[in-house]
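All remarks here apply to the structure that follows.
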Amino acid sequence: MALQVIGAGLGRTGTMTLKTALETLGFAPCHHMVEVFANMQRQAPFWLRAAKGEAVDWEELFAAYNASVDWPSAHFYAQLADRYPDAKVILTRRDPQRWYESMAETILKAMSANGPDPAPDDHPMKFVDIIIAEKTFGRDFSAANVIAAFERHNAEVQQVIPADRLLVFEAVQGWRPLCDFLGVAAPDTTFPRTNSREEFWQHTMPGELVETPMPAAT
Numbered sequence: 220m221a222l223q224v225i226g227a228g229l230g231r232t233g234t235m236t237l238k239t240a241l242e243t244l245g246f247a248p249c250h251h252m253v254e255v256f257a258n259m260q261r262q263a264p265f266w267l268r269a270a271k272g273e274a275v276d277w278e279e280l281f282a283a284y285n286a287s288v289d290w291p292s293a294h295f296y297a298q299l300a301d302r303y304p305d306a307k308v309i310l311t312r313r314d315p316q317r318w319y320e321s322m323a324e325t326i327l328k329a330m331s332a333n334g335p336d337p338a339p340d341d342h343p344m345k346f347v348d349i350i351i352a353e354k355t356f357g358r359d360f361s362a363a364n365v366i367a368a369f370e371r372h373n374a375e376v377q378q379v380i381p382a383d384r385l386l387v388f389e390a391v392q393g394w395r396p397l398c399d400f401l402g403v404a405a406p407d408t409t410f411p412r413t414n415s416r417e418e419f420w421q422h423t424m425p426g427e428l429v430e431t432p433m434p435a436a437t
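Laid out in structure tokens, this is it:
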């Protein structure tokens, strides 16, 4: 099995919604951060090696997946696009200010629980510290910097991935653009809406992992 769909959008852009939609369309299973949380013993060391820039065998992780969205894999979208040249790439987006507000109430809050210091090397979520806090936001969680990083990432994806291989997608658009891009029929079901801020805390983020010390959101 090889990845058929690569999600390049950052977390809180509708990535869980996209995962659900892709699996409904037959691109299952779809990797998401929740798969990392469910398989920490196996996956956390892999993502830590990747986060540190060490060579990794993507097939080691993705052999059983048809698609991947969300962090941590979205950070490596360019590498994955090279590794899986037949895969299509989807960049999930949303209004930058609303995205930041969602981030501040979920991911950034979780990462800032224990203060401004980087996570220790032996922390199970060290890969998140490196990928999100350090490499995506430069350990500056101010609104201006986080939004600038978001817009910079989105622009970079559109520069790196050829237009005929890329769908820029917002969940509010529903089935039609997604199905047209993937060449599949639209299902006779309502487009999913998942992982609200409340659902993030109830189901997505394991409580025992919300202790990763990272920079506070301001």
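For the working numbering, count along the sequence shown from 1 and bump the result up by 219. All C-beta atoms in this analysis are idealised placements derived from N, C-alpha and C, irrespective of residue type, glycine included. This structure is a prediction, so every number in the text was calculated from the model and none was measured.
{"Asked": "Taking A300 as the reference, give the member of I350, P396, A221 with the closest Cα.", "Found": "A221"}
{"Asked": "Shortest alpha-carbon distance to T234 belongs to which of V224, E273, G245, H251?", "Found": "H251"}
{"Asked": "List, from N- to C-terminal side, the alpha helix (DSSP H) runs of 4 residues or more that fit wholly inside the region 321-352.", "Found": "326-330"}
{"Asked": "Give me, in chain order, the residues of the same chain whose beta-carbon lies closer than 6 Å to that of Q377; leave out the 5 immediate sequence neighbours on both sides.", "Found": "none"}
{"Asked": "Are there 16 or more other CB atoms within 10 angstroms of the CB of G357, so buried, or fewer, so exposed?", "Found": "exposed"}
{"Asked": "Along the beta strand (DSSP E) that carries T311, what are the first and last residues, could you check?", "Found": "307-311"}
{"Asked": "What would DSSP say about I366, mapped onto helix, strand or coil?", "Found": "helix"}
{"Asked": "Are the Cβ atoms of L280 and K345 separated by less than 8 Å?", "Found": "no"}
{"Asked": "Can you tell me whether DSSP reads L209 as helix, strand or coil?", "Found": "Outside the shown range of the chain, which is 220 to 437, sits residue 209, and nothing can be said about it."}
{"Asked": "Please go through the same chain and pick out, in chain order, the residues whose beta-carbon is closer than 7 Å to the beta-carbon of V308, but skip the five residues on each side of it.", "Found": "I225, A227, Y296, A300, I380, R384, L385"}
{"Asked": "Count Cβ pairs between the region 397-413 and the region 237-245 that sit closer than 8 Å; are there 3 or more?", "Found": "yes"}
{"Asked": "Grouping DSSP H, G and I as helix and E and B as strand, with all else coil, what is A257?", "Found": "helix"}
{"Asked": "Look up V387 in the DSSP assignment and say whether it is helix, strand or coil.", "Found": "strand"}
{"Asked": "Straight-line CA distance for L428 to A329?", "Found": "Bear in mind that the predicted position of L428 carries a pLDDT of just 44, short of 50, making it unreliable; the figure below should be weighed with that in mind. For L428 and A329, the distance between alpha carbons rounds to 9 Å."}
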